[in-house]
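K.L.:
The structure that follows is given in the form of structure tokens.
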Amino acid sequence: MNPLRSRWALNGPWRLKDEPDLTNSSSPYIVPDFDDSDWREVPPATHLQPWLYPDNPYWGAKVRAVNDSAWWYRTRFACPDETYGQRVRLVFEAVDYYAEVWCNGQYLGEHEGNFAPFSFDLTGLAQPENVLVVKVTAPWDPIRRRGLTYVDQVYRGMVKGLYAHNDGLIPPDVNPIGIWRPVWLEAHADVSIERIPFRVIEDEYDHSAQITLRIHVHNRRSDSVSGVLHIRLAGETFGGVRADDNYLIEVPPGKHTIEQQVRIPDPHWWWPWDMGRPDLYRLRCTIYDDDGRKLDVDEQVMGIRQVRLLRSRETMHYQVNKVPIFVRGTVYMGGLYLSQLTSEQIEADLDRVQQCGLNLIRLHVHVAPPELYAACDRRGILIWQDFELNWVHDPTPEFEERAVRLLHEMIELLENHASVITWCCHNEPTALPFQDRNLTQHPDRRLYREATDADPSRPVFLCSGKQEEDWRHSGDAHAYIGGGHGGHYLDVYGEQRRLVTEFGCEAPPDPITLDELPLLARRLAHVREHIPELQRYQAALIKYQVEWYRLTRFKPCGGYIQFMLVDLCPQVGCGVLDAKRRPRSALQALQSASQPVHVMLEYTAAGPVAVWVVNDLIRPLLHCLVEWQVLDQQGSIVTRGSAQEDIPAQRAHRVTLLTWQVDQKASYTVLLRLSHRDQILDENRYDDLFHLPPRPRNYPWRFDPLLGMRCYGGPHARSSLRVFNTWYGTLATWLFPVYEWAERMLKEGRSHAKLDAWLRRLFG
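Structure below.
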């Protein structure tokens, strides 16, 4: 925020026209007096698909065709009188994806990306009346005919996570495009403060906070400017001024960095909400010339904290301000078209995060709108920040250079947010066999080096998922046990994971959400009557696996991140909320299992094991009462008991072993309660304990390629492995079971000699 600069929003009217030639940049559209009266008028700051097709911006040839064109924007704007004698620049908050810009017929430049602000100097070019022209493209990647799955049917050519995942998350016809954040005209002095990154360390002797400010200043004059830098640091969420000092400076022409130290004797550290107060400061830096005139001001709200990730072969966990923290998280992607994600919706979603007891969100393969980061800073919600790479991207050096440039733009945009505690360079670059060139060649290892050099204050992950053995650079796990990786959700029992950054499974949306899109309702008609049981399975999986990871707290597990809070669009999805924010059954399961203090039952399919209390708070809970009760299907008490316990801080504490003679045909209900001085801290309930819901039929392997989601069979189902939808793939699906049977027979020595020879000839 800059109170000294003047800003005017360019709210149009913006006019819009599509042009089939994506490569033409010498169009008559750039001529200032071109007649655009027959062009469509488009609202400012919106993605095009939901504006063009509001009833269904997700599927179909019309939606896909949006990206087959270049989209030309034109608007007219006046330069206010206040710009006289000032520098004038044009600021785009974000354009998705490639942008070329002209003003009054003159080419200003281009930008690649979908999240970062960029600007152009209009000084000397701006007139009282001006014409701005912007060409925007976001082209499709060429299809790879040799792709084995829907994931690798393209090498993703854009540094962009939110488009066409083709595997249950983003519909295959969606590739957001447009000027989706505001455009501004800005006036400022010849000397401007561009940005102020900072680093914080704690003095080991007196525990003061030492803040190093790096003030990036641009002097556009031809001579040096001498003057005074005034730094004021005051409490934003508390009272008091912590710094109020002047420093003599001299700024030569060009771009320079002024480094200044600020010491805070008794710092208010920023804490996650479940560990303390997320206190914030307000920093104000002002540059005066020798005559005492203000040249520029930069003002920002900031939190000071330290973060560290302890990595080893055995365990992996975070520390905030040198205190261990167990991550209770969820993946958050607030919407498919982020221009539709309002500040009010962000706040409501973060309310849900905290109601669920979660202390972290993972921003999966995208940079979110700036309002989200400010809200997490205020609330004390941690952020794991992914870069915009997902699965298989272009493995060339040319793509690497583009990715490095955008990585630096992300870090510069977000590095001052206390809530952001981790950078992750790429999600699942080794998701598929023989498709690991992003990791082994370009760009991932370069991205890791660049990120660690640019920001040594935060942990960096080379990639997320499927690199558990490389614990020095990655080491986290994506564990879709009972979900996308097959098996049953109880198979997680006994697993020893250092840090689980994705787990969960899909379920259909609320029937009302289903009916709001006729295409979705038709293609999932076979699912409708099974929605309750499919949602129950998702809820059971989340509750059991969250509780298992909490039982193994720091032995070795450092936390979990459930996939995900809310669906991106109406879909069979992993969200505990569907895209319309209607809750699935899993919302209550996640909320129950993720509270900072939680009482729970350890059990397997064979029977009960123990009663536990986990306390993630940084203080112990003394003189607590833990009660348990087991009822049969008639409501009769099978066993009950209680114990007075002191629950240590930041510990999973076993209260008692719990066993009874289990009748596998019987139905049991287990009731647990934790209280302290007659106040209930937590309650838990397990119904029909050992009659566990089976993994859904045809899940996860049956897939609807038009919708881009798993579909539990039905008339439109294909294999989620694209190669199996060919004639040779169909033959392979028949031969694989025969091969497995033959291999088993040969190993056991039970095959006839002639059959033995035939099988060896057939299968080698």
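Residue numbers (the working numbering): 10 to 773. Every residue gets a Cβ at the ideal spot worked out from N, C-alpha and C, and that includes glycine.
1) Assign residue 31 to one of three DSSP states: helix, strand, or coil.
2) Based on the DSSP output, what are the partners of residue 305 in its beta bridges?
3) Give me, in chain order, the residues of the same chain whose beta-carbon lies closer than 6 Å to that of residue 618; leave out the 5 immediate sequence neighbours on both sides.
4) Can you give the Cα-Cα distance for residue 28 and residue 423, rounded to whole angstroms?
5) So what does DSSP say about residue 259, is it helix, strand or coil?
6) In three-state DSSP terms, what is residue 76?
7) If I measure Cβ to Cβ from residue 737 and keep anything under 6 Å in the same chain, skipping five residues before and after, which residues do I get?
8) Report the rounded CA-to-CA distance for residue 39 versus residue 142, giving the unit in angstroms.
9) Cα-Cα, which of 164, 695, 132, 416 is closest to residue 545?
10) For the segment 363 to 436, list the alpha helix (DSSP H) runs that are entirely contained and at least 4 residues long, ordered along the chain.
11) Going by Cα to Cα distance, which pick from 229, 285, 680 is closest to residue 203?
12) Under 8 Å by Cβ, that's how I've got residue 335 and residue 582 pegged, so tell me the actual separation to the nearest angstrom.
13) Put residue 71 into one of helix, strand or coil per three-state DSSP.
14) With DSSP run on the structure shown, which of helix, strand or coil describes residue 128?
15) Per the contact definition of three or more C-beta pairs closer than 8 Å, is the segment 399 to 407 in contact with the segment 640 to 647?
16) Which runs of the beta strand (DSSP E) at least 3 residues long sit entirely within the segment 48 to 118? Give them in chain order.
17) Taking the C-alpha atoms as reference points, what is the distance between residue 383 and residue 601?
18) Do three or more CB pairs link the segment 686 to 706 to the segment 536 to 552 at distances below 8 Å?
19) List the DSSP bridge partners of residue 688.
20) If you follow the alpha helix (DSSP H) that residue 552 is part of, which residue opens it and which one closes it?
21) Nearest CA to the CA of residue 540: which residue from 521, 257, 67?
22) Can you tell me whether residue 231 is buried or exposed? The criterion is at least 16 other CB atoms within 10 Å of its CB, across all chains shown.
23) In whole angstroms, what separates the C-alpha of residue 129 from that of residue 115?
24) Thinking C-alpha only, which one of 364, 651, 646, 122 is nearest residue 633?
25) At a cut of 8 Å, does the segment 350 to 365 reach the segment 421 to 440 through at least three beta carbon pairs?
26) For the alpha helix (DSSP H) that contains residue 460, what are its first and last residues?
27) Sorted by chain position, which residues of the same chain lie with C-beta nearer than 6 Å to residue 707's C-beta, five sequence neighbours on each side aside?
28) State buried or exposed for residue 496, treating a residue as buried only when at least 16 other CB atoms are found within 10 Å of its CB.
29) Would you report the Cα separation of residue 137 and residue 121, rounded to the nearest angstrom?
30) For the segment 265 to 273 against the segment 237 to 255, do three or more pairs of beta-carbon atoms, one drawn from each stretch, fall closer than 8 Å, so that the two count as touching?
31) In three-state terms, what does DSSP make of residue 719?
32) Can residue 776 and residue 144 be called in contact, C-beta distance under 8 Å?
33) Excluding sequence positions up to five away, which residues of its chain have a Cβ less than 7 Å from the Cβ of residue 713?
P.N.:
With the structure as the only source:
1) DSSP places residue 31 outside both helix and strand once states are collapsed to three, so it counts as coil.
2) Paired residues: 296.
3) Excluding residues up to 5 positions away in sequence, 611, 612 lie with their Cβ nearer than 6 Å to the Cβ of residue 618 in the same chain.
4) If you take the alpha carbons of residue 28 and residue 423, they lie about 35 Å apart.
5) DSSP places residue 259 in strand when its eight states are reduced to three.
6) Three-state DSSP puts residue 76 in a helix.
7) Its pLDDT being 49, under 50, residue 737 is placed unreliably by the model, and the measurement read from it follows with that caveat. The answer is none, since no qualifying residue turns up.
8) Straight-line measurement puts the Cα of residue 142 at about 6 Å from the Cα of residue 39.
9) Of the listed residues, the one whose Cα sits closest to residue 545 is 695.
10) Runs found: 379 to 388, 406 to 423.
11) Per the Cα distances, 229.
12) Contact annotation, residue 335 with residue 582: C-beta distance approximately 27 Å; criterion of less than 8 Å not satisfied.
13) In this structure, DSSP gives residue 71 a helical state, which the three-state scheme calls helix.
14) Note: residue 128 maps to strand in three-state DSSP.
15) No, the segment 640 to 647 does not touch the segment 399 to 407.
16) Counting only runs of 3 or more, we get 49 to 51, 79 to 87, 96 to 101, 104 to 112.
17) If I take the Cα positions, the gap works out to 27 Å.
18) Yes, they touch.
19) According to DSSP, which records beta bridges pairwise, residue 688 is partnered with 685.
20) Element bounds for residue 552: 540 to 560.
21) Nearest to residue 540 by alpha-carbon distance, out of 521, 257, 67, is 521.
22) Label assigned to residue 231: exposed.
23) Roughly 12 Å separates the two Cα atoms.
24) Comparing Cα-Cα distances from residue 633 to each of 364, 651, 646, 122, the minimum goes to 651.
25) No, the segment 350 to 365 is not in contact with the segment 421 to 440.
26) Unbroken alpha helix (DSSP H) run through residue 460: 453 to 463.
27) Taken in chain order, the residues that qualify are 721, 722.
28) Flag for residue 496 reads exposed.
29) Near 29 Å, if we compare the C-alpha coordinates of residue 121 and residue 137.
30) Contact holds: three or more Cβ-Cβ distances are below 8 Å.
31) Correct three-state label for residue 719: strand.
32) Look at the range of the chain in this structure, 10 to 773, and you will see that residue 776 is not part of it.
33) Cβ within range, chain order: 532, 720, 725, 726.
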